[in-house]
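Have a look at the structure below before the remarks.
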Ligand code: DGL
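Numbering (the numbering used here), first residue to last: 17 to 290.
Here it is as structure tokens:
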């Protein structure tokens with residue numbers, strides 16, 4: 017059986033890339049719901065339904081384990097899917113999110129205990145990062161700013177354009193003026209690493225920018241170390257297939273840019289409604 021990786025669009029590729037660096041031996045199936053991205057501005061009910069349809073597609077295609085490589089889906093849908101929906105697929109399937117593994121690294125990174133979060137409106141409004149950080153380290157002050165334009169910039173291939181600078185600078189300035197003591201900024205959206213060259217341009221010197229890929233990847237390594245039964249179910253052909261709900265050609269072209277060196281020949285699928 018395979019490891020499924022799900023995102024609303026291309027952002028999850030940044031997570032897949034890091035996971036495959038640490039666990040190249042497994043077989044992966046990636047699904048981008050590009051036809052309905054971005055998820056960020058939608059309501060809880062809509063994000064939950066879209067995420068469940070996508071997770072179902074991956075479980076039906078032989079994934080033993082699905083990583084929601086999307087913060088918005090992890091914030092809005094993970095808990096409900098784990099508790100209400102997953103049992104009907106059999107006790108041995110698992111769905112994991114990206115917020116917990118990201119938050120666990122924060123206390124090690126910040127000296128001032130003033131941390132910034134840049135994420136989609138859905139993730140920020142859910143309060144999930146604030147809740148998780150306070151569970152782990154109550155003395156950290158988290159300032160969260162929503163960046164509604166950043167995912168569309170990536171989905172529409174505008175992440176390197178001059179116009180992108182305006183939207184990126186605007187949100188970083190807003191974050192740093194809200195709390196100038198911030199020394200660590202978490203990129204709480206898996207699309208944002210694709211904007212990093214521009215993000216770094218506007219972040220003050222000495223402020224660390226954290227992308228979550230390698231933390232999610234090492235937490236998966238740790239999970240598989242602790243769950244021998246799951247590890248035993250996973251096939252080890254080292255393959256990676258890509259599914260999208262939008263045009264396969266468009267996905268393949270963009271994914272090749274985002275993951276140089278990886279062979280991408282995507283397949284378009286339609287998600288069945290729950
Ligand atoms: N990559 C998704 C995330 O991490 C983007 C969600 C969206 O489509 O708005 O939140």
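The beta-carbon is built from N, C-alpha and C at its ideal position, and this holds for glycine as well.
What's the call for residue 107, buried or exposed, on a 16-neighbour Cβ count within 10 Å? Translated into the one-based positions of the chain shown, residue 107 becomes position 91. It counts as exposed.
Close Cβ partners of residue 46 (< 6 Å) along its chain, the five nearest in sequence each way excluded: In the chain shown, the residue the question calls residue 46 occupies position 30. Here the set comprises 21, 32, 258.
List, from N- to C-terminal side, the beta strand (DSSP E) runs of 3 residues or more that fit wholly inside the segment 71-128. Here the runs fully enclosed are 79-84, 110-112.
Evaluate contact between the segment 129-149 and the segment 79-92, counting only Cβ atoms and requiring at least three cross-stretch pairs below 8 Å. Under the 8 Å Cβ criterion, the segment 129-149 counts as touching the segment 79-92, having at least three qualifying pairs.
Less than 9 Å between the beta carbons of residue 80 and residue 110, yes or no? By 1-based counting over the chain shown, the position of residue 80 is 64. By 1-based counting over the chain shown, the position of residue 110 is 94. It is a contact, given that the beta carbons lie within the stated cut-off.
Take the Cβ of residue 196 as the centre, count every other Cβ of all protein chains shown within 10 Å, and call the residue buried at 16 or more, exposed below. In the chain shown, the residue the question calls residue 196 occupies position 180. Its Cβ having fewer than 16 others within 10 Å, residue 196 is exposed.
Within 8 Å: the Cβ of residue 23 and any heavy atom of ligand 1? For the purposes of this step, residue 23 is identified with residue 7 of the chain shown, where counting begins at 1. Flag set: Cβ of residue 23 near ligand 1.
So, is residue 87 buried or exposed, given that buried needs 16 or more other C-beta atoms within 10 angstroms? Walking along the chain shown from the start, residue 87 turns up at place 71. Burial call: buried.
Apply the 10 Å Cβ neighbour rule to residue 49 and answer buried if 16 or more other Cβ atoms are within range, or exposed otherwise. The residue you call residue 49 lines up with position 33 of the chain shown. Under the 10 Å beta carbon count, residue 49 is surrounded by 16 or more other beta carbons and is classified as buried.
Short check: CB of residue 199 to CB of residue 223, under 9 Å? Within the chain shown, the letter at position 183 stands for residue 199. Within the chain shown, the letter at position 207 stands for residue 223. Cβ distance < 9 Å, so residue 199 and residue 223 count as in contact.
Cutoff 6 Å; reference residue 34; Cβ partners in own chain excluding five residues on either side: As a position in the chain shown, residue 34 is number 18, starting the count at 1. Only 229, 230, 233 meet the Cβ criterion.
Could you please give the first and the last residue of the uninterrupted beta strand (DSSP E) stretch that includes residue 224? Numbered from its first residue, the chain shown carries residue 224 at position 208. Looking at the DSSP string, the run of the beta strand (DSSP E) that includes residue 224 is 224-227.
So what's residue 31 in DSSP terms, helix, strand or just coil? Locating residue 31 in the chain shown gives position 15, where the first residue counts as 1. Helix.
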